[in-house]
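Numbering (the working numbering), first residue to last: 4 to 122.
Beta carbons are placed, not taken as given, at the ideal position from N, Cα and C, and that holds for glycine.
Computed from a predicted model, the values in this text were never measured in an experiment.
Below you'll find the structure, written out as structure tokens, and then a few comments.
Shown next, in the form of structure tokens:
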């Protein structure tokens, strides 16, 4: 089953289009990676930010912020990946990737795969 794509995709693309090209590139990278790894996920805007849901629950949020891309994979993922996240500011459920740095796409992929396995 393919996840919900029409209006939700438009809402997410509208969200992404509100930022400059460099930020759009980062947001699109996370968006397309998540789509490719979780094709059955539904997409929506939740709490004002792009969200992917699986099995009726959110499993990934992401957002653009003044100085970072916020990636919200839930607290268990942040805790599990803590040894690999020492270069980033983290909260209980979020990872902040500085806008000034390239996104660590391999790490983001690992985290998404972890969330898929633990959803």
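Along the chain, where does the alpha helix (DSSP H) containing residue i start, and where does it finish?
i, result
"residue 40", "24-40"
"residue 109", "108-120"
"residue 86", "Segment: none, residue 86 is in no alpha helix (DSSP H) and carries neither H nor E."
Taking the Cβ atom as the reference point for each residue, do residue i and residue j lie within a distance shorter than 8 Å?
i, j, result
"residue 76", "residue 47", "no"
"residue 72", "residue 106", "yes"
"residue 84", "residue 74", "no"
Measuring alpha carbon to alpha carbon, tell me which residue in the options is nearest residue i.
i, options, result
"residue 50", "15, 31 and 33", "15"
"residue 88", "23, 108 and 70", "108"
"residue 62", "24, 34 and 86", "34"
"residue 44", "19, 60 and 29", "60"
Can you tell me the Cβ-Cβ gap for residue i and residue j, rounded? I've got them flagged as a contact below 8 Å.
i, j, result
"residue 101", "residue 68", "The Cβ separation is near 10 Å, so there is no contact."
For the beta strand (DSSP E) that residue i lies in, which residues bound it at each end?
i, result
"residue 67", "60-67"
Item to check | At least three beta-carbon pairs within less than 8 Å, the segment 35-44 to the segment 66-81 | outcome: The answer is no - the segment 66-81 does not touch the segment 35-44, with fewer than three Cβ pairs under 8 Å.
Next on the checklist: Under 8 Å, with one C-beta from each stretch per pair, do the segment 84-102 and the segment 52-63 reach the 3-pair mark?
Outcome noted: no
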